[in-house]
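**Student:** Before I ask anything, let me first share the structure, which is written out below as structure tokens.
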Amino acid sequence: MSGQSSPMKLALAEAAAAAARGEVPVGAVLVDSGGQVIAAAGNRVRADRDPTAHAEMLVLRAGAAWLGAARLAECDLHVTLEPCAMCAGAVALARLRRLYFGAYDPKGGAVEHGPRLFHQQTTNHRPEIYGGIEERRAGELLRAFFQDCRR
């Protein structure tokens, strides 16, 4: 990806754009096996009036439509926050190759926290998982957003 921003930097830009729209600042980018970005989105829960419009869900839907397949086995997901149970379940169902995430989420995360979905025997697919990518920047976006909400 020479000359281009990394997928996580693009996800952070999507998160910042989501915050500017009044959404919780989470961004996601889906790339194919060659590193080509096939979908990018920030949260749209409020805008779409849809509790499932998390950034991860949006890029998985767009990626499946783009590729014409429900299984995205050659794709990697880059997201700024540890996925929740819904999004982690969708990652498993999509059969993603790798999951990269930024900030850890002890309260709502389901990868390294909470149900630890990919550690359950009943989970039929486990992607490679890499956490803490651009963790400081992702965390700062979230902290600033929630601090502004409390004012």
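In numbering that gives the first Met the number 0, the protein residues as written are 0 to 150. Here a beta-carbon is modelled for each residue, glycine too, at the ideal position from N, C-alpha and C.
Give me, in chain order, the residues of the same chain whose beta-carbon lies closer than 6 angstroms to that of V25; leave out the 5 immediate sequence neighbours on both sides.
**Tutor:** For V25, where only same-chain residues beyond five positions count, the Cβ hits under 6 angstroms are A14, N42, A54, T79 and L80.
**Student:** Give the DSSP-derived three-state secondary structure of E127 in the structure shown.
**Tutor:** Residue state, collapsed to three classes: strand.
**Student:** At the level of alpha carbons, what is the spacing between G2 and A40?
**Tutor:** Reliability of the predicted coordinates at G2 is poor, the pLDDT of 42 falling under 50, and the value obtained from them is presented with this limitation in mind. G2 and A40: Cα-Cα distance of roughly 21 angstroms.
**Student:** One question on the structure: do A74 and V28 come within less than 8 angstroms of each other, judged by their Cβ atoms?
**Tutor:** It is worth fixing the name first, because residue 74 is Cys in this sequence and not Ala. Contact flag unset, no.
**Student:** Who pairs with D75 in a beta bridge, going by DSSP?
**Tutor:** D75 pairs with V30 and R97.
**Student:** According to the Cβ coordinates, are V155 and F100 closer than 8 angstroms?
**Tutor:** Here the chain covers residues 0 to 150 and nothing more, so residue 155 does not appear.
**Student:** Taking all protein chains shown into account, do 16 or more other C-beta atoms lie within 10 angstroms of the C-beta of G67, making it buried, or fewer, making it exposed?
**Tutor:** When all chains shown are included, G67 counts as exposed.
**Student:** If I follow the unbroken alpha helix (DSSP H) through A14, where does it start and stop?
**Tutor:** Where A14 is concerned, the enclosing alpha helix (DSSP H) stretches over P6 to A19.
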